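Participant: No gaps in the numbering here: position 248 of the sequence shown is 1346 in my numbering, and each next residue is one more.
Note that the Cβ used here is the ideal one computed from N, Cα and C, for glycine as well.
Predicted, not measured: the structure shown is a model, and the values here were computed from it.
Mind looking over this structure? Questions follow.
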Amino acid sequence: MSTHQPPVRSVTTAQLTRAGLTSRQIDAFVRSGKLERIGRGVYVESLDVDAASPESRVREHLVRAVALCRSSSGAYLVGPSACLALGLPLLVLPRDAHIARASSRVQTRRLGLRAHRPWSHDIRTLDDLGVDVQCPEAAIVELAAREGALHGLVPADVAARHEDVRFERVLASWGKRHGIAQARLVAELADGRRESPLETQTAWQAHGEGIRLEPQTVIRDRAGEWVATVDFTVAGYKVVVEVDGLGKYRRPDDLKKERVRHNQIEELGWLVVRVIADDLRCGRFVPRLHAAMARAERR
């Protein structure tokens, strides 16, 4: 995991005033586009955001979240904002910056900002961002509890791949707050062998049907020689699930190699179900998975 550095600077009204600017001059900078007001008394340099680029939108969120966090004494990033600062992916990019203040027991929301009640967990200082954030386990638990299990599972799988994540202590600290069942489910299901958010979503949909997908399964030929390592196999069935994300076939011959690999797997008696993002969004994956399992049983 790697953190993202905000590419632009932030400043507060107090800092601008100390630098000798009047309120009229500050307003002129805002009107000219040199500064953008993102919160009460908080400004950032003009943002150049490519709405079609996920990386650009993540950068924009972090610029705003870090600026708002720095402007509030004792504040640190939590939940989805903490996940992004820690380099963890999200199912959905948040509209608001999520923070907590160690000294505040009040939960508030205003345009662009949600301030949550603090609870007991470890906090990390990210020197490159200049802010404090929840530890990964706490950020994931809070996200899952507030937004749902799949929202927490997407970053949890990546965290499990890169760190020795342990959820027991933060789950105990979250206690009986709303969403604890969702957070516990994430802790139970998190698996670092899943290599992308799309794989996480695929496994989640199968889990909802009571189907267990085994990640990173090695397929061998009849002599025991390695043939392929596939994204998933269905536990108890000779069914392979392969997730085709964007960028999987970068070189001209990648598609040809994948077809040869696909044929080798099928020649060994495996049924292959291929999944793209639209299959998950449109509900096509689960019926196809059930159909493949039924065919495998009849063989």
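Using the three-state DSSP reduction, which class does residue 1278 fall into: helix, strand or coil?
Facilitator: Here residue 1278 sits in helix by DSSP.
Participant: Run through DSSP, which three-state label would residue 1363 get?
Facilitator: In this structure, residue 1363 counts as helix in the three-state DSSP scheme.
Participant: Can you list, in chain order, the residues of its chain with a C-beta nearer than 6 Å to that of residue 1141? Leave out the 5 residues immediately preceding and following it.
Facilitator: So the list reads 1109, 1133 and 1135, once near-sequence residues are dropped.
Participant: Assess, as a yes-or-no matter, whether the segment 1308 to 1326 is touched by the segment 1256 to 1270 under the definition of 3 or more beta carbon pairs within less than 8 Å.
Facilitator: Short answer: they don't touch.
Participant: Which parts of the segment 1252 to 1315 are runs of the beta strand (DSSP E), unbroken and 3 residues or longer, counting only runs that do not cross its ends?
Facilitator: Counting only runs of 3 or more, we get nothing.
Participant: For residue 1127, which residues from the same chain have a beta carbon less than 6 Å from its beta carbon, with the 5 sequence-adjacent residues on both sides left out?
Facilitator: Closer than 6 Å at the Cβ level, and outside the excluded window around residue 1127, lie 1133.
Participant: State the DSSP-derived secondary structure class of residue 1212, mapped to helix, strand or coil.
Facilitator: Strand, per DSSP.
Participant: Could you please give me the residues that DSSP links to residue 1334 through a beta bridge?
Facilitator: Per DSSP, none; premise fails for residue 1334.
Participant: For residue 1218, which residues does DSSP report across the bridge?
Facilitator: Residue 1218 pairs with nothing; no bridge assigned.
Participant: Below 8 Å between beta carbons: does that hold for residue 1351 and residue 1340?
Facilitator: Result no, Cβ atoms of residue 1351 and residue 1340 do not sit closer than 8 Å.
Participant: Give the single residue among 1276, 1148 and 1307 whose Cα lies nearest to the Cα of residue 1242.
Facilitator: When only C-alpha atoms are compared, the closest one is 1276.
Participant: With a cut-off of 8 Å, do at least 3 Cβ pairs link the segment 1246 to 1263 to the segment 1214 to 1221?
Facilitator: Touching, no, given that fewer than three Cβ pairs across the two stretches are closer than 8 Å.
Participant: Rounding to the nearest angstrom, what Cα-Cα distance links residue 1394 and residue 1362 in this structure?
Facilitator: Between residue 1394 and residue 1362, the C-alpha separation is close to 17 Å.
Participant: For residue 1162, write down the residues that DSSP places opposite it in a beta bridge.
Facilitator: Per DSSP, none; premise fails for residue 1162.
Participant: Check whether the segment 1283 to 1290 touches the segment 1354 to 1369, taking contact to mean three or more Cβ pairs, one atom from each stretch, closer than 8 Å.
Facilitator: Judged by Cβ distances under 8 Å, the segment 1283 to 1290 makes no contact with the segment 1354 to 1369, as fewer than three pairs qualify.
Participant: Three Cβ pairs or more, each shorter than 8 Å: is that satisfied between the segment 1137 to 1154 and the segment 1223 to 1231?
Facilitator: No: fewer than three Cβ pairs fall under 8 Å.
Participant: Kindly indicate the opening and closing residues of the alpha helix (DSSP H) around residue 1177.
Facilitator: It spans 1177 to 1183 - the alpha helix (DSSP H) in which residue 1177 sits, taken as one unbroken run.
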